[in-house]
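**Student:** Attaching a single structure in structure tokens format; questions to follow.
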Amino acid sequence: MNPHPRRTSFSPPYVRSPLAAVALSGLLVACSGDTVGVDPEDPPEVVPSVRTELITEARRLIRERGLNPVLRPPLVHSEIVELGRFLAFDKILSGNRDVSCMTCHLPAMSTGDGKSLPIGPGASGLGPERSHPDGDFTLRHSMALFNLHQVRKFLWGGEIEALAGGGISTPAGDHLTQEMQSVLRFGISSAPGMFPVSAPEEMLATGNELAEGFGEDHNFTELWSRLMVRLGEIDEYRELFEAAYSGTDFDDMTFAHASNAIMSFIISEFSFDDSPWDLFLRGDNDRLTDRQLRGAIDFMTVGCTNCHQTDILDALPGNEFHNDALAQFGPGKGDGPGGHDDFGRERVTGDPADRRRFKVPPLRNIELTAPYGHVGQFTTLRGFVEHYNNVDSTLYAYDISPVDPLLQPTLLDNYAEILMTRDTLLLPIRLDEETVDNLLEFLKALTDASARDLTHVTPSRVPSGLSIDRIGSSN
Ligand code: HEC
Ligand code: HEC
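Mapping of the sequence shown onto the numbering used here: residues 990 to 1464, in sequence order.
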């Protein structure tokens, strides 16, 4: 069962303006609009200003596209959130005790790390400064962690997903038992915390008791119980878990209890519904600037809402994965001739038609989470938006020079192949300079001001006593 279904039917929270009937032909023409068509025989009525027309048109499109205000997550009791806060910042969950979830999802960097590809274990420095002595990187760009209670497919290839029939599918298969699933408060949205611990380049590393043997048999059950052994050696964790899940002994708990707490923390602290766009969706006409209104209209008319369709501007069920015609670089996922390619969704479904399809990511707070794309192809939002102008030619004109110099030599020379499964929905999109400017202003209207600095979520210590990775002001 999915306890938090997406809202699919549209119930307008606002009344349509009586001025809506006015012809919109002059919509994008900058005129004062006050004296158009005045005829002395015909007493002047109130002629709507350009702004009113923009608002009316934006609201019409919103209704037509079925875009709804973001749903707030249900409250989780504070003992679970506090346990999750500690676990998310505690390096105890990584094989060599040197990386926490928040090393790559830094609150000071709006839950990202500012790098095209993050760097996991064995590294030094944080955020854009982080570096590895051997030049190692993770395989994909770190994703933002906003409004995850609304997300049903996780990771760039949807490797963790809610299935249409009600079940869930993850890389752990049967190791994630029904009993474990029953602990997951937000269903699939509580599961992603179980997997970074199993990735050598993210948290597991090598040469430690957690990693031993995992590479050969992928025995998640064993890995997760070794993690619970580690946590159980710290009395404070035993107490925190038993306070969070009262009535259950620590020794009867599994790593699902830990993941559930971490994701409850993430969902409680990183869910936002107060951007100017959210307020507009809830009926407030005064929050968007004229240019943002134009950008919203452009977003809904040039084709962006063919894929960015929901309240968080990701895709509707069944439409989540597309080939956005982006260049590929970095270590890759072992696909293609040299093993440095990433076939995205095909890796999950086995269907060659899904080759290089990646998840349509949510766009809330997008201004804050550069770089963009599944390997961080663009360091600026403008770069990403300009990519949509005639994608076949912009792919060939791709300029990797703003990306980390260490990654530049790894750029694959496979553009023709990328275009073989490039989504045809992208083909008609043409963006002139003004439209790009409008779209960028619209995307900035998706920023909730309180997401700009999230450092206050950082605890002052963690139960293991290990150091906390943080940048920016301390709490
Ligand atoms: C070394 C960096 C790193 C660490 C450490 C890390 N992550 Fe991530 N995170 C990533 C990357 C990279 C992705 C995208 C991976 C992919 O698509 O395969 C990601 C994706 C995610 C997603 C998916 C978001 C979405 O919308 O699909 C969630 C949730 C998440 N991480 C939570 C966590 C949690 C919880 C932890 C700690 C248990 C953690 N991460 C540790 C780098 C990291
Ligand atoms: C064919 C479906 C499709 C269309 C149409 C589309 N997008 Fe996307 N969008 C995607 C996919 C898929 C990704 C992720 C691609 C990747 O990283 O491989 C994405 C990524 C993005 C990103 C970067 C997000 C991030 O966190 O990295 C932005 C910004 C964006 N789209 C904006 C737009 C705008 C603006 C338009 C309209 C001009 C648009 N999109 C049209 C599918 C689409």
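Every residue gets a Cβ at the ideal spot worked out from N, C-alpha and C, and that includes glycine.
No experiment lies behind these values; they were computed from the predicted model shown.
For Leu1134, collect the residues of the same chain with a Cβ closer than 6 Å to its Cβ; drop the 5 residues on either side in sequence, then sort them by chain order.
**Tutor:** Cβ within range, chain order: His1094, Thr1100, Ile1255 and Phe1259.
**Student:** In whole angstroms, what is the alpha-carbon distance linking Arg1215 and Phe1078?
**Tutor:** Looking at the two C-alpha atoms, the distance is approximately 19 Å.
**Student:** Tell me whether the region 1428-1437 and the region 1049-1067 touch, counting them as touching only if at least three CB pairs, one residue from each stretch, are closer than 8 Å.
**Tutor:** They do not touch, by the three-pair rule.
**Student:** When the Cα of Glu1190 is compared with those of Ser1179, Gly1204 and Pro1181, which residue comes out closest?
**Tutor:** If we check each option's Cα against that of Glu1190, Gly1204 comes out closest.
**Student:** Work out the CA separation of Thr1195 and Thr1444 for me, nearest whole Å.
**Tutor:** So the alpha carbons of these two residues sit roughly 30 Å apart.
**Student:** Once the 5 residues before and after Asn1308 are set aside, which same chain residues still bring their CB inside 8 Å of it?
**Tutor:** Excluding residues within five positions, the ones whose Cβ falls inside 8 Å are Cys1296, Gln1298 and Val1349.
**Student:** For Asn1312, which residues in the same chain have their Cβ closer than 6 Å to its Cβ, ignoring the five residues on either side in sequence?
**Tutor:** Closer than 6 Å at Cβ, skipping near neighbours: Arg1345, Arg1346, Thr1410, Arg1411 and Asp1412.
**Student:** Could you tell me whether the Cβ atoms of Gly1146 and Gly1333 are closer together than 7 Å?
**Tutor:** Against a cut-off of 7 Å, the Cβ pair of Gly1333 and Gly1146 comes out as a contact.
**Student:** Taking only three categories from DSSP, how would you classify Phe1259?
**Tutor:** Note: Phe1259 maps to coil in three-state DSSP.
**Student:** Given the structure, does Tyr967 come close to ligand 2, in the sense that its CB is under 6 Å from one of the ligand's heavy atoms?
**Tutor:** The question about residue 967 has no answer here: the residues shown for the chain are numbered 990 through 1464.
**Student:** Using DSSP with H/G/I as helix, E/B as strand and the rest coil, what is Asp1023?
**Tutor:** Any reading at Asp1023 must be qualified, since the residue scores a pLDDT of 42, below 50, and its modelled position is unreliable; the value itself is stated next. Of the three classes helix, strand and coil, the one that applies to Asp1023 here is coil, per DSSP.
**Student:** So what's Phe1310 in DSSP terms, helix, strand or just coil?
**Tutor:** Of the three classes helix, strand and coil, the one that applies to Phe1310 here is strand, per DSSP.
**Student:** Excluding the 5 residues flanking Gly1154 on each side, which residues of the same chain have their C-beta closer than 6 Å to its C-beta?
**Tutor:** Result list for Gly1154: empty, nothing under 6 Å.
**Student:** Cβ atoms of Leu1282 and Leu1352: under 7 Å apart, would you say?
**Tutor:** Cβ distance not < 7 Å, so Leu1352 and Leu1282 don't count as in contact.
**Student:** Given the structure, does Gly1111 come close to ligand 1, in the sense that its CB is under 6 Å from one of the ligand's heavy atoms?
**Tutor:** For ligand 1, not one heavy atom lies less than 6 Å from the Cβ of Gly1111.
**Student:** Which first and last residues belong to the alpha helix (DSSP H) in which Glu1527 is found?
**Tutor:** The requested residue 1527 does not occur in the structure, where the chain is confined to residues 990 to 1464.
**Student:** With distances taken Cα to Cα, identify the nearest neighbour of Asp1262 among Asn1136, Val1392, Cys1090 and Pro1452.
**Tutor:** Nearest C-alpha to Asp1262: Asn1136.
**Student:** Smallest Cα separation from Pro1398: which of Glu1406, Ala1405, Asp1388 and Arg1219?
**Tutor:** Checked all of Glu1406, Ala1405, Asp1388 and Arg1219; the closest Cα to Pro1398 is Asp1388.
**Student:** Return the bridge partner residues of Asp1324 from the DSSP annotation.
**Tutor:** In the DSSP output, where bridge partners are listed per residue, Asp1324 has Asp1330.
**Student:** Could you check the C-alpha separation between Met1192 and Glu1198 for me, to the nearest Å?
**Tutor:** Approximately 13 Å between the Cα atoms of the pair.
**Student:** In three-state DSSP terms, what is Lys1104?
**Tutor:** DSSP places Lys1104 in coil when its eight states are reduced to three.
**Student:** According to the Cβ coordinates, are Val1186 and Leu1082 closer than 7 Å?
**Tutor:** A contact, by the Cβ cut-off of 7 Å.
**Student:** Is the beta carbon of Arg1280 closer than 7 Å to that of Leu1268?
**Tutor:** Contact: no.
**Student:** Any heavy atom of ligand 2 within a distance shorter than 6 Å of the CB on Leu1357?
**Tutor:** No, the beta carbon of Leu1357 sits no closer than 6 Å to any heavy atom of ligand 2.
**Student:** Do Thr1127 and Gly1109 have their beta-carbon atoms positioned less than 7 Å apart in this structure?
**Tutor:** Contact flag set, yes.
**Student:** Taking 6 Å as the cut-off, is the CB of His1311 close to at least one heavy atom of ligand 2?
**Tutor:** Within the cutoff, so yes.
**Student:** Identify whether Gly1015 lies in helix, strand or coil by the three-state DSSP scheme.
**Tutor:** Residue placement at Gly1015 is flagged as unreliable, the pLDDT there being 38, under the threshold of 50; a coordinate-derived value is accordingly withheld.
**Student:** Would you say the beta carbon of Glu1191 is closer than 6 Å to some non-hydrogen atom of ligand 1?
**Tutor:** Within the cutoff, so yes.
**Student:** So which of Gly1284, Gly1182 and Thr1290 has the shortest CA-CA distance to Phe1209?
**Tutor:** The shortest Cα separation from Phe1209 among Gly1284, Gly1182 and Thr1290 belongs to Gly1182.
**Student:** What whole-angstrom Cβ distance do Val1380 and Leu1415 have, given they're in contact under 8 Å?
**Tutor:** Rounded, the Cβ-Cβ distance is 5 Å, consistent with contact.
**Student:** With DSSP run on the structure shown, which of helix, strand or coil describes Glu1150?
**Tutor:** In this structure, Glu1150 counts as strand in the three-state DSSP scheme.
**Student:** Could you give the distance in angstroms between the alpha-carbon of Ala1151 and the alpha-carbon of Asp1287?
**Tutor:** For Ala1151 and Asp1287, the distance between alpha carbons rounds to 32 Å.
**Student:** Between Ser1449 and Gly1073, what straight-line distance do the alpha-carbon atoms span, to the nearest angstrom?
**Tutor:** Distance between the alpha carbons of Ser1449 and Gly1073: 14 Å.
**Student:** Helix, strand or coil: which one does DSSP assign to Arg1141?
**Tutor:** In the structure shown, Arg1141 sits in coil (DSSP, three-state: anything other than H, G, I, E or B).
**Student:** If you drop the 5 nearest sequence neighbours on each side, which residues of the same chain put their C-beta closer than 6 Å to that of Ala1097?
**Tutor:** Counting only Cβ-Cβ distances below 6 Å, and skipping sequence neighbours, we find Thr1444, Ile1460 and Gly1461.
**Student:** Let me check understanding here. Comparing Cα to Cα, which of Phe1318, Arg1174 and Gly1327 lies closest to Ser1257?
**Tutor:** Answer by Cα proximity: Arg1174.
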